[in-house]
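Anchor point for the sequence shown: position 138 equals 138 in the UniProt record's numbering, and the numbering is continuous, going up by one each time. Every residue, glycine too, gets a C-beta built ideally from N, C-alpha and C.
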Amino acid sequence: MRRSQQSSHSEWDKKESPDDTRCSSAKRKRRSLGAQENKHCKDGLPQLPGSTLSETKYVNEREHQERRYVEEYRNVYNQGCDTGHHSSKSSGHSGASGYKRKYMAHHATPHPQHSQESHRRKRSRSVEDDEEGHLICQRGDVLSARYEIVAILGQGAFGKVVECIDHKADGRHVAVKIVKNIATYSEAAHAEVQVLRHINASDPSSTHSCVQMLEWFEYHGHVCIVFELLGLSTYDFIKENGFLPFRLDQLRHMAYQICKSVNFLHLNKLTHTDLKPDNILFVTSDYVEEYNPKLASCLKNPDIKVVDFGSATYDDGYHNPLVSTRYYRAPEVILALGWSQPCDVWSIGCILIEYYLGFMVFLTCNNKEHLAMMERILGPLPNHMIQKTRKRKYFCRDRLDWDEHSAAGRYVSSRCKPLKEFMTCHNSDHEDLFDLIQKMLEYDPDKRITLEEALKHPFFFPLKR
């Protein structure tokens, strides 16, 4: 299986415009689902028999936007963007995966002028930054007389991530996140370090599947955070595997570890706020290729760790009103009703159905369309949430202002269907999984299942036998 050389994922709606115009809708490659599923949720745009000229124009424009965004989306992955956390080598190939964007949501600010915000100190003439504040480095350079760079894993808005040999720890390989030499990013990095130190102190043996920070230091004005080196992100594994879903037994194992890890955060009064397949990394990316018509690969070890705590928020800390990557964002966040730990549970529900299907179900760039997709999959939004929200522009007479017969409405109908109709099998294991997902995708955060409860769900019973 080919490994991408530099892979990253970017969330374009850092600051939300009225229609999220910066976030064109992403379209991921999808597996063949059979005639019945394709009828409801096609890969492309809907066919509109008898559509008007204006609808045809809408669809053509939509298709053009999607094609353009797919290119942007892929380019961002190839370039490595904003932040994230881990990448590794697997089966002898370089696999840059996890260190993707961060410092969005909580740390989203206009790009500062480097000349104004840089806080460089006096430094050796041999140590230089580029015009954006990135440390200029290459293979063979040594950081802090200890970490020898062997590979550049990714670069983005936050800085860059490099794979290093730790010459003071028997030559083990580590990942070092080198933050830009700009005050805004340095402050955010120091906040992330505090969260990571709290996690390390609360779980020194890393039994709760959170990534371990090994140490941090400053190098000529750059905050550098040293992490254990992990494997591919779960998103990258799906992508490299042709967007085929995970097997149910693997999904169960991964889901339990994710719930256990994030529940540990919640017990420590933290909300992750940016859970997604990109921020869930395999401990190792070892795989075996199984012969089948699609040349799928099968994981040897489905153990995972949750990474990227750059947006983690304490219960009593400032809560940025806009959190989470678009496709995993809870309804209470979209409706500006305030959020807390249940928003993580919603994100996990979205992640699990993506693992099951191989693609995202809430694939949109627009808040109203996002809500329409939710209603198509999960049923009507609760009246009390509609009445409470300040986002009145999305509603008319306490109902979502959405025309199912418009071109946009047909587009949503073609992609989405009631949750249980996504099931590919109706045995007890699949039924249990979808019951858990449905409880995680409960609209009302007060009624949404907690992770403490989720860990006791029947879907996980086979793990306890």
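Assignment of G159 by DSSP, reduced to helix, strand and coil, places it in the strand class.
In this structure C343 is in contact with V323, their Cβ atoms being roughly 7 Å apart against a cut-off of 8 Å. For Q138, the closest alpha carbon among the candidates V193, Y147 and E131 is that of Y147. Out of I353, P277 and I449, the CA that lies nearest to the CA of D236 is found in P277. For S206, the CB contacts under 7 Å within the same chain, skipping 5 residues up- and downstream, are Q212 in chain order. Listed in chain order, the alpha helix (DSSP H) runs fully inside the region 138-203 are 183-202, counting runs of at least 4 residues. Residue pairing by DSSP places W216 opposite I225 in a beta bridge. Its chain contains G349, L352 and I353 as the residues whose beta carbon lies nearer than 6 Å to that of I437, once the 5 sequence neighbours on both sides are disregarded; these appear in chain order. From the listed residues G140, P321, K417 and P302, the smallest Cα separation to I238 is found for P302. Here F461 is exposed. Its C-beta has fewer than 16 other C-beta atoms within 10 Å. Listed in chain order, the non-local C-beta contacts of T234 below 6 Å within the same chain comprise P277 and I280, local neighbours out to five positions each way being set aside.
Between E132 and K180, the alpha-carbon positions lie close to 8 Å from each other.
Here the alpha carbon of V223 sits roughly 11 Å from the alpha carbon of K160. For L463, there is no enclosing alpha helix (DSSP H), as DSSP marks it with neither H nor E. In this structure, DSSP gives K305 an extended state, which the three-state scheme calls strand.
The Cβ-Cβ distance between L196 and F309 falls below 8 Å. Assigned with DSSP and collapsed to three states, C210 falls in strand. Here the region 410-427 lies against the region 366-383, with 3 or more beta-carbon pairs under 8 Å apart.
Per DSSP, the unbroken beta strand (DSSP E) holding I280 starts and ends at I280 to F282. In this model, E192 and Y328 are separated by some 21 Å (Cα to Cα).
Looking only at D432, W346 and Y394, the smallest Cα-Cα distance to E369 is reached by Y394.
Within the same chain, C210 and F264 come within 8 Å of D203 by CB-CB distance, once the 5 residues on both sides are set aside. In terms of CA proximity to C425, Y356 leads the group Y356, H384 and C365. If you check the CB distance, V262 and V226 do not come in under 8 Å.
DSSP places S126 in no alpha helix (DSSP H); its state is neither H nor E. Taking a contact as a CB-CB distance under 8 Å, the pair V142 and A151 does not count as one, their CB atoms being some 14 Å apart. Ranked by how close their Cα comes to the Cα of A175, the residues R252, I149, L337 and I199 have I149 in first place. Under a 10 Å Cβ-count criterion, R397 is classified as exposed, with fewer than 16 other Cβ atoms of the shown protein chains found around its own Cβ. Counting along the chain, H384 sits inside the alpha helix (DSSP H) bounded by residues N383 to K388. Per the DSSP secondary-structure output, Y314 pairs in a beta bridge with L270.
In the DSSP annotation of this structure, the continuous segment of the alpha helix (DSSP H) that includes A372 starts and ends at N367 to L378. The DSSP-derived three-state label of S428 is helix. DSSP places L352 inside the alpha helix (DSSP H), whose first and last residues are P342 to L357.
In terms of Cα proximity to T389, the closest of S186, G156, A336 and D432 is A336.
Excluding five sequence positions before and after H253, the CB atoms of its chain that fall closer than 6 Å to its own CB belong to P302, given in chain order.
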